[in-house]
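Read in order, the letters of the sequence shown are residues 2 to 518 in my numbering.
Note that beta-carbon positions come from the ideal geometry of N, C-alpha and C, so glycine has one too.
Encoded as structure tokens, the structure appears first; notes follow it.
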Amino acid sequence: MEVHHEPIEKNYQLLEEIGKGQFAIVRKCKEIKTSALYAAKIMRKRRVARGVAAADIAREAGLLARLRHPNIVSLYKVIDTGTTVVLLLELITGGELFHWTPSGETEAAHVVRQVLMALSHLHSHQVAHLDIKPENILLSTPPPMPSIKLIDLGLSHRLVPGSEHRALFGTPEFVAPEIVNYEPLSLGTDLWAVGVLTYILLSGASPFLGEDKQETYANVAACQYQFDNEYFNNVSEIAKDFIRSLLIKDPKERGSAESCLKHPWILTESEAPQGLGGAMISAVRRGCVEAVSQLLLQGAPLNIRDSKEDTLLHIACEVGDEGMTILLIESGIDLDIPNKHGLTALHVAARHGHINLVRHLCLAGCDVDKTNRGIRADVTAIKYGYPDIANLLDKLRNREPSIELDVTSKHGSLSFEYSDSEYEGTQGVEWSRGNVGFGGKCNDVKVILVGTYAPEPLAPNSNGGNLLAPLLPFLKDFTSILGEEPQMVALDATNPSSPGLKLLRSYLNNARMEFLE
């Protein structure tokens, strides 16, 4: 942009001061000819130790001139008066974000989305802002859903690939760990600040603020923060997940501006379904069970893959996340989908020595004979030094579990037999085929025939006393169909609260677990 060498008073009338920084003041000004209003950022040129270096002024002016965006303040003119440089900027009258409090998550997400859009534009040109904070975000339209403008590119820097940029600057509450530790900065440095900004907008509290500057820096360096119930009691788990995705010590692990714009907390209502899959993958990788549960309630897809063709179950099994694995299984995820290398989740769990996850997968009915290029999971376990897992899987392969239950009480007798391949009553009643009681799959079958009931005891049962208590709610399900002859019993599998269905699932799961020990 052309620099005009002239006194500012020649064409402009300087009005009241509207802002002030360490090396600059900002005054409202009016063009004499047109009466148009601007914000004049007046920077004194450096003389010895005071003022702003000419190169820094030129860099800020150059960036503002090149990187025009609806959410970045516009530069109209550069004036060099000899002792000062004046940037004539767009006048924004809505005040600083610092003085505005959103009434809810929708308003907060609306503002953060615009900050991310501005950063996405800067980052696409390899420019990091490096001073994201509420004071540098102005409201250009009034609340409750304001438009914003990002200002003050004075610390911005173009990060050239192959070179490193280190610096010690910024407001302590918003600086990233790499600034505190004097490590190379990156575009991810801005995203840390967005995480802090979001935390503050949603709670009114600052995540790393200590009693003094040194304590604040120590908290940042340790990435030490929490979601205090006093401030986050009414904040959604999805919003917390968004913050967690940014307040990560390793800059490479933080989300990018583009990926953050696809997070379901940021997406508008019409866009949200398209972004749920990516949010699921992100939440599973970070082990956020509550976030995954909430995403599932919002309709997030379960059987999806990441860029490596891994399913959510592959991701959980690789890191050994037992809670996440259980949640995914109970939610009905497909157990036997291979990734691009032909590995199932069972192969992955066996390869990394996660025996508890192997048990859960087997309990849920995964295919223990599934091979990857002819190699079963038990062979994989041996290859990677986990003979206990290999022994467990070999045991399953060579013996089909069979469970027989004979329950007798003064009300009568209930008998049934279970195996992995079929269900059949001991008196010849054929059961519905399906994974009854495993991994939440019983809802695939509307009615499950679970056995026979005789109103008179068929034979004494030494264990009847122990089984009688949990059996009572089961028997109450059968009261209306009891007769003089043995009758077939049916349970409605679409009613998960049925005491009978719960007891059947409990028996089968417990018996299977005992076998897997």
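Sheet register partners of residue 312 (DSSP bridge): Paired residue(s): 306.
Spatial neighbours of residue 92 in its chain, beta-carbon cut-off 6 Å, leaving aside the 5 residues before and after: For residue 92, where only same-chain residues beyond five positions count, the Cβ hits under 6 Å are 38, 39, 40.
Distance, residue 88 Cα to residue 28 Cα: Residue 28 and residue 88 have their C-alpha atoms spaced approximately 11 Å apart.
Per-residue burial, residue 167 [other beta carbons within 10 Å of its own, 16 or more giving buried]: Counting Cβ neighbours within 10 Å, residue 167 comes out exposed, since fewer than 16 surround it.
Contact the stretch 218-231 vs the stretch 139-152: 3+ CB pairs below 8 Å: No, the stretch 218-231 is not in contact with the stretch 139-152.
Start-end ranges of the alpha helix (DSSP H) lying completely within the stretch 80-168, minimum 4 residues: The qualifying runs are 106-125.
Residue 94, buried or exposed, once every other Cβ within 10 Å from all chains shown has been counted against 16: Exposed, since its Cβ has fewer than 16 Cβ neighbours within 10 Å.
Length of the line joining the Cα atoms of residue 386 and residue 312: Whole-angstrom Cα-Cα distance: 25 Å.
Reduced DSSP secondary structure (H/G/I, E/B, other) of residue 261: Look at residue 261 here: in three-state DSSP terms it is helix.
Given residue 210 as reference, the closest of 113, 172, 356, 105 once Cα atoms are compared: It is 172 whose Cα lies nearest to the Cα of residue 210.
Secondary structure of residue 377, DSSP reduced to three states: Strand, per DSSP.
Helix, strand or coil at residue 21 according to DSSP, with G and I counted as helix: Strand at residue 21.
Cα-Cα separation, residue 20 to residue 296: Rounded to whole angstroms, residue 20 to residue 296 spans 43 Å at the Cα level.
Terminal residues of the alpha helix (DSSP H) in which residue 192 lies: Following the DSSP letters along the chain, one finds residue 192 inside the alpha helix (DSSP H) bounded by residues 189-204.
Span of the beta strand (DSSP E), counted from its first residue to its last, around residue 42: Counting along the chain, residue 42 sits inside the beta strand (DSSP E) bounded by residues 38-45.
Residue interval of the beta strand (DSSP E) (run including residue 361): First-last for residue 361: 356-364, but that is the alpha helix (DSSP H), not the beta strand (DSSP E).
Whether residue 304 touches residue 338 by CB criterion (8 Å): Taking 8 Å as the Cβ cut-off, residue 304 and residue 338 qualify as a contacting pair.
Among 308, 310, 317, 309, the one whose alpha carbon lies nearest that of residue 293: Of the candidates 308, 310, 317, 309, the one whose C-alpha sits nearest the C-alpha of residue 293 is 317.
Min CB distance residue 310 to chain C below 8 Å: No chain C appears in this structure, which consists of one protein chain only.
Helix, strand or coil at residue 372 according to DSSP, with G and I counted as helix: Note: residue 372 maps to strand in three-state DSSP.
Sequence-distant residues of its chain with Cβ nearer than 8 Å to residue 122 (five each side left out): Once the five neighbours on either side are set aside, the close Cβ partners of residue 122 are 68, 70, 72, 73.
Straight-line Cα distance separating residue 83 from residue 7: The straight-line gap from Cα to Cα measures roughly 8 Å.
Contact check, residue 302 vs residue 280, beta carbons under 8 Å: No; because the gap between Cβ atoms is not below 8 Å, this pair is not in contact.
Nonlocal neighbours in the same chain, by C-beta distance under 8 Å from residue 10, ignoring five residues either side: Hits under 8 Å: none found.
Rounded straight-line distance, which links the Cα of residue 288 to that of residue 42: Per the coordinates, the alpha-carbon of residue 42 lies some 47 Å from the alpha-carbon of residue 288.
Among 323, 332, 326, 58, the one whose alpha carbon lies nearest that of residue 298: Out of 323, 332, 326, 58, 332 has the C-alpha closest to the C-alpha of residue 298.
For residue 382 and residue 336, believed in contact at Cβ under 8 Å, the rounded distance: Residue 336 to residue 382, Cβ: 17 Å. No contact.
Beta carbon of residue 262 nearer than 8 Å to that of residue 191: Not closer than 8 Å, so no.
Integer-rounded CB distance, given that residue 196 should sit under 8 Å from residue 247: Between residue 196 and residue 247 the Cβ distance is about 3 Å, and since that is below 8 Å, they are a contact.
DSSP-derived helix/strand/coil call for residue 438: In this prediction, residue 438 has a pLDDT of 30, which is less than 50 and means its spatial position is unreliable; what the coordinates show is noted afterwards. The answer is coil: DSSP assigns residue 438 none of H, G, I, E or B.
Collapsed DSSP secondary structure at residue 397 in the structure displayed: Looking at residue 397 - three-state DSSP - the assignment turns out to be helix.
Pairwise C-alpha distance: residue 325 and residue 314: Rounded to whole angstroms, residue 314 to residue 325 spans 8 Å at the Cα level.
Buried/exposed call for residue 223, threshold 16 Cβ in 10 Å: Around the beta carbon of residue 223, fewer than 16 other beta carbons sit within 10 angstroms, so the residue counts as exposed.
Sub-8 Å separation of residue 13 and residue 33 beta-carbons: Taking the C-beta atoms as reference points, residue 33 is found nearer than 8 Å to residue 13.
Residues sharing a beta bridge with residue 250, DSSP: Residue 250 pairs with nothing; no bridge assigned.
Element boundaries [alpha helix (DSSP H), containing residue 349]: Where residue 349 is concerned, the enclosing alpha helix (DSSP H) stretches over 346-352.
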